[in-house]
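Protein chains in written order, with our numbering: chain A, 1 to 134; chain B, 1001 to 1415.
All C-beta atoms in this analysis are idealised placements derived from N, C-alpha and C, irrespective of residue type, glycine included.
Okay, so here's the structure we're looking at.
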Amino acid sequence: MEYQLTYNQYKEALKENKLLGLRCRECGAYTVPPKKVCLECGSEDLEVVKLSGKGVIRTFTVTRVPPEGFKGPYIIALIELEEGPWLMGNVVGVDPDQASMDLIGKAVKLGHTVHPGDKFSAGELVAATFSLEN
Amino acid sequence: MREVAVVGVGMTKFGVSEKTNVEMFSEAAMEAINQSGIKPKDIQALFLGNTWGDFEEGQVALASFAAADIGLPNIPAMRFEGICASASVALRDAFMWVASGFYDLVLVGGTERACIMGTPYATRAFATGSDGRYEFPCGITFPSVFGMMAHLYAKKYSIPLDKLKEQMALVAIKNHQNAKFNPKAHFPLSIQDIMENRRKRAEKQGKSTPNWADEMAFLHDPSVNPLIADPLQLYDCCPFSDGAAALVLASAEKAKKLTDKPVYIAGVGLASNGPLHNQKDITRVKAREISAKQAYDMAGLGPQDIDVCELHDCFTIAEIAATEGLGFFDFGKGAEAVEKGETKIGGKIAINPSGGLKAKGHPVGATGVAQAYEIVKQLRGECGGRQVEGARIGMTDTLGGDLCTVCNIILKRGW
Chain A
1 MEYQLTYNQY KEALKENKLL GLRCRECGAY TVPPKKVCLE CGSEDLEVVK LSGKGVIRTF
61 TVTRVPPEGF KGPYIIALIE LEEGPWLMGN VVGVDPDQAS MDLIGKAVKL GHTVHPGDKF
121 SAGELVAATF SLEN
Chain B
1001 MREVAVVGVG MTKFGVSEKT NVEMFSEAAM EAINQSGIKP KDIQALFLGN TWGDFEEGQV
1061 ALASFAAADI GLPNIPAMRF EGICASASVA LRDAFMWVAS GFYDLVLVGG TERACIMGTP
1121 YATRAFATGS DGRYEFPCGI TFPSVFGMMA HLYAKKYSIP LDKLKEQMAL VAIKNHQNAK
1181 FNPKAHFPLS IQDIMENRRK RAEKQGKSTP NWADEMAFLH DPSVNPLIAD PLQLYDCCPF
1241 SDGAAALVLA SAEKAKKLTD KPVYIAGVGL ASNGPLHNQK DITRVKAREI SAKQAYDMAG
1301 LGPQDIDVCE LHDCFTIAEI AATEGLGFFD FGKGAEAVEK GETKIGGKIA INPSGGLKAK
1361 GHPVGATGVA QAYEIVKQLR GECGGRQVEG ARIGMTDTLG GDLCTVCNII LKRGW
């Protein structure tokens, strides 16, 4: 069976602030970012769905020594999405120097940012971003 | 399966080196071969860990060139990549090939020359160990992963962040104290020594000399210990290092003829974890719990039997999480155990007597075998000021990438 939701399709949707994922027809679990099979039960019987893009911050850091091609400081977080999976993204709209433990548990919504990429990245890079709700 | 023993060990000094990956490996390899009382022509296969040779020197095919450099005669020579666990992954495979009876005598090791890259490019190269499609676009770095681990640990176990940071600082203080007695360490210096050196340098340059009350005050000073990835500061992080390490493995029968101090490989474990988003609660590394259980079960041992452990303290919080994942302390109690001195030499369990990745250094592709090198030396009683008295059973723990690979090796005295 062909790969159902490729990185390229996922990335193009993210560029329109749409978060695509896979819903398992066997167990109902969501797999985001996409994989070949359901992350919970291993089934290949998946449908492509649009997720809400909403979730809460579970943990974060402020990256102050970035890799070549990035400019710090910036916030990276792991978000627990409304549908269950966790997703990495940059928290935007919060001053990195003001970021504190209070961020954990905060409700967020999805956006995106595009980096040009480098010679190792196989093209441009699109990252999920998250901004605080309200 | 047959019993397999380590019969010889070798390691370069870790630090900043002008030597190539092959040259460093050759030095470590010949030390191990000479110590074993054999010749290169006796070796039947080479298992070589290396992670970023492509980025460092534009060099792949490293295993073949390394074999040729020490005159290994046209034998199978294989490179293993398991990010920071590369050499441990190579060691586990080497063990299995000898245990299976396919080979009697093999060479295993690792080499890495990271410093030549400089920090921005090295940070980019190291980030190739992250999920390149779905996580690297966020600008993720290894310190960032462990910064997120530390924040989640503080939240999960309701430890005030300032308190956790002090407990993490104690890991750095302990490991630097241990490295003071390891002449091969990248930083054979206690934090106290580093502090004094800083003070003397400032004095010499006629600058105002800071007056830190103690090591903790030094570590609290952001001018010498800046934030890298919150809440991790510079001294929470291991360095980029250059270096190599090697071991000669032999079947038990052959080992008895070569040495009167064979160190047996009692158990091995290896597990994978996928990208970080798969893992959710990153305070617990599932791959470690699976890998450690494999190693304990194979050895017929448990955490209470381990006298000394070299584990993956790439960051101070990583050491705390590892001591829990390996079963030495309950989950959520690892940070407190550091505070009580239970991980010092002479404590409940000696953790990282070599100085660990933190102070001994972390030449990534060599690290796992360098950990085994230390355990073998400890079991043989050859560690001088950092010796864990009477150590009979030791363990290594190597963590690769964004917690995506873990390998464990249990070693025991064969005499």
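- Proximity of His-1220 (chain B) to chain A, defined by a Cβ-Cβ separation below 8 Å, is not satisfied.
- Straight-line measurement puts the Cα of Cys-27 (chain A) at about 7 Å from the Cα of Cys-41 (chain A).
- Under DSSP, Ala-1077 (chain B) forms a beta bridge with B:Leu-1046.
- Nearest CB-CB separation between Ala-127 (chain A) and chain B: below the 8 Å threshold.
- In the same chain as Met-1395 (chain B), and ignoring 5 residues on each side of it, the C-beta atoms closer than 6 Å to its own belong to Ile-1306, Cys-1309 and Ile-1410, in chain order.
- According to the DSSP assignment, Ser-1036 (chain B) belongs to the alpha helix (DSSP H) that extends over 1021-1036.
- The beta carbons of Thr-1405 (chain B) and Ala-1287 (chain B) sit about 6 Å from each other, so the pair counts as a contact at 8 Å.
- With a cutoff of 8 Å on beta-carbon distance, Gly-1327 (chain B) and Met-1298 (chain B) are scored as not near each other.
- Residue environment: Asn-90 (chain A) is assigned as buried (16 or more neighbouring CB atoms within 10 Å of its CB, all protein chains considered).
- Contact between the region 1242-1262 of chain B and the region 1018-1035 of chain B is present: 3 or more CB-CB pairs across the two stretches fall below 8 Å.
- As computed with DSSP, Trp-86 (chain A) is found in a beta bridge with A:Glu-80.
- Considering only A:Lys-50, A:Phe-120 and A:Ala-13, the residue with the shortest C-alpha distance to Glu-83 (chain A) is A:Lys-50.
- Judged by DSSP in its simplified three-state form, Tyr-1264 (chain B) adopts strand.
- In its chain, beyond the 5 residues on either side, Thr-1020, Asn-1021, Arg-1113 and Ile-1116 have a beta carbon closer than 8 Å to the beta carbon of Glu-1057 (chain B).
- Ala-127 (chain A) sits away from Leu-87 (chain A), with the two beta carbons spaced by 8 Å or more.
- Contact annotation: in the region 13-47 of chain A, residues whose CB is within less than 7 Å of a CB in chain B are Pro-33 and Leu-39.
- In this structure, the straight-line span from the alpha carbon of Arg-1413 (chain B) to that of Gly-1110 (chain B) is close to 23 Å.
- Using a Cβ distance threshold of 8 Å, Gln-1044 (chain B) and Val-1106 (chain B) count as a contacting pair.
- Taking C-beta separations shorter than 6 Å and ignoring five residues to either side along the sequence, the partners of Pro-85 (chain A) in its chain run Tyr-30 and Val-32, following chain order.
- Listed along chain B are Pro-1120, Tyr-1121, Thr-1123 and Arg-1124, each with a C-beta nearer than 8 Å to that of Glu-68 (chain A).
- Counting only unbroken stretches of 3 or more residues, the beta strand (DSSP E) elements lying wholly within the region 1222-1284 of chain B are 1227-1229, 1242-1251 and 1263-1272, in sequence order.
- Per the C-alpha coordinates, the member of A:Cys-24, A:Arg-64, A:Leu-81 and A:Lys-109 positioned closest to Val-92 (chain A) is A:Lys-109.
- At a beta-carbon threshold of 8 Å, none of the residues of chain A lie near Arg-1284 (chain B); the nearest stands roughly 13 Å away.
- Under DSSP, Glu-1310 (chain B) takes part in a beta bridge, and its partners are B:Thr-1396.
- Restricted to the region 1133-1172 of chain B, the alpha helix (DSSP H) segments that are unbroken, complete and at least 4 residues in length are 1142-1156, listed in chain order.
- Proximity of Asp-1214 (chain B) to chain A, defined by a Cβ-Cβ separation below 8 Å, is not satisfied.
- The beta carbon of Leu-5 (chain A) lies closer than 7 Å to those of Leu-20, Leu-22, Pro-34 and Val-48 in the same chain, with the five residues before and after it left out.
- The C-beta distance from Asp-1193 (chain B) to Pro-1210 (chain B) rounds to 16 Å, too long to fall under 8 Å, and the pair is not in contact.
- Against chain A, the CB of Asp-1230 (chain B) has a partner CB under 8 Å away; the residue lies at that interface.
- Put simply, the CB of Met-1 (chain A) is far from chain B, with every gap to its CB atoms at 8 Å or more.
- With its beta carbon less than 8 Å from one in chain A, Ala-1127 (chain B) belongs to the interface.
- For the pair Glu-1003 (chain B) and Ala-1295 (chain B), the CB atoms are not nearer than the 8 Å cut-off.
- Restricted to the region 1179-1230 of chain B, the beta strand (DSSP E) segments that are unbroken, complete and at least 3 residues in length are 1227-1229, listed in chain order.
- The same chain holds no residue with a CB closer than 6 Å to that of Glu-12 (chain A) once the five nearest residues on each side in sequence are set aside.
- Take the alpha-carbon of Gly-1101 (chain B) and the one of Phe-1014 (chain B): they are about 34 Å apart.
- At a cut-off of 8 Å between C-beta atoms, Phe-130 (chain A) does not count as an interface residue with respect to chain B.
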